[in-house]
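Engineer:
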Amino acid sequence: MESSQPTPESRSVPPAERSHWVAFAGILLMLSGLFDLINGFVALLDHGYYATTANHGNRLLIFNFSFWGWVWIIIGVAQILASLGVFLGARAARITGIVLASVCLVGQLIFLSAFPYWSIFVMAMSLLVIYGLVSVPRQVPGERV
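Set out below in structure tokens:
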């Protein structure tokens, strides 16, 4: 009969090496953070880039482009830091990564009218990040998010 407790050997190996999904989610989280940084700098430096109609002016739904630029930059930096924590095996980093990917998912809904294909791509990537960070590897019993 097998024990449901992880062995000491499996605890010494970082989760990114024990589960391919966690490593994949960490890489995608870092990539998503880089994409969000690019979104933020584009929104800050080129206000007309995200304009969908002539009467939008300097606004995207409820806030101006400078606000959205700073939001995306902050989220991007936080995602990159969380991905580093995921690689190190920090449980708090996995939870933070899930929350940040969810925020990115909702934020991309706002940008859906400006760039539909790009937003759908980043939303799909965020869903893969969430799945990868939530899924429990079968070979690691007792492992939780």
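In UniProt numbering, the protein residues as written are 1 to 145.
Virtual Cβ for every residue (Gly too), placed ideally from N, Cα, C.
Since we're looking at a predicted model, the values are computed, not measured.
Apart from the five residues just before and just after Y49, which ones in its own chain have a Cβ nearer than 7 Å to its Cβ?
Structural biologist: Counting from one through the sequence shown, the residue named residue 49 turns up at place 49. The answer, listed in chain order, is V42.
Engineer: The alpha helix (DSSP H) spanning G40 covers which residue range?
Structural biologist: Residue numbering aside, residue 40 sits at position 40 when the sequence shown is read from its first letter. Taken as a continuous stretch (DSSP letters only), the alpha helix (DSSP H) holding G40 covers 20-45.
Engineer: G76: which of L28, L127, G26, L34 sits nearest, CA to CA?
Structural biologist: What you label residue 76 is simply residue 76 of the sequence shown in a count that begins at 1. Closest by alpha carbon: L34.
Engineer: Kindly list the residues whose CB is nearer than 6 Å to the CB of G69, restricted to its own chain and excluding five residues on each side of it in sequence; keep chain order.
Structural biologist: Indexing the sequence shown from 1 puts residue 69 at position 69. So the qualifying residues of the chain are G40, A43, L44.
Engineer: Please report the distance separating the alpha-carbon of F24 from that of L81.
Structural biologist: If you number the sequence shown from 1, residue 24 lands on position 24. If you number the sequence shown from 1, residue 81 lands on position 81. If you take the alpha carbons of F24 and L81, they lie about 16 Å apart.
Engineer: Where do the ends of the alpha helix (DSSP H) carrying C127 lie?
Structural biologist: Taking the first residue of the sequence shown as position 1, residue 127 is located at position 127. Rather than Cys, the amino acid found at residue 127 in this sequence is Leu. From DSSP, the alpha helix (DSSP H) with L127 extends over 116-134.
Engineer: With a Cβ-Cβ cutoff of 8 Å, do S113 and I130 count as a contact?
Structural biologist: Counted from its first residue, the sequence shown places residue 113 at position 113. Counted from its first residue, the sequence shown places residue 130 at position 130. Against a cut-off of 8 Å, the Cβ pair of I130 and S113 comes out as no contact.
Engineer: Could you compute how far the alpha carbon of L28 sits from the alpha carbon of M123?
Structural biologist: Walking along the sequence shown from the start, residue 28 turns up at place 28. Walking along the sequence shown from the start, residue 123 turns up at place 123. When rounded, the distance between both Cα atoms is 12 Å.
Engineer: Taking all protein chains shown into account, decide if A93 is buried (16 or more other Cβ within 10 angstroms of its Cβ) or exposed.
Structural biologist: Looking up residue 93 in the sequence shown gives position 93. So A93 counts as buried.
Engineer: State the start and end residues of the unbroken alpha helix (DSSP H) segment that holds A101.
Structural biologist: For the purposes of this step, residue 101 is taken as residue 101 along the sequence shown, with counting starting at 1. First-last of the alpha helix (DSSP H) with A101: 91-110.
Engineer: Residues in its own chain within less than 6 Å of D36 by CB, not counting five upstream and five downstream?
Structural biologist: Counting from 1 along the sequence shown, the entry for residue 36 is found at position 36. The answer, listed in chain order, is W72, I75, G76.
Engineer: Return the residue from the list P116, C104, Y117, V22 that minimises the CA-CA distance to residue 151.
Structural biologist: As displayed, the chain neither begins before 1 nor continues past 145, which places residue 151 out of reach and without an answer.
Engineer: Of all the options S66, T96, S119, N64, which has the alpha carbon lying nearest to the alpha carbon of M30?
Structural biologist: Counting from 1 along the sequence shown, the entry for residue 30 is found at position 30. Comparing Cα positions, the closest option is T96.
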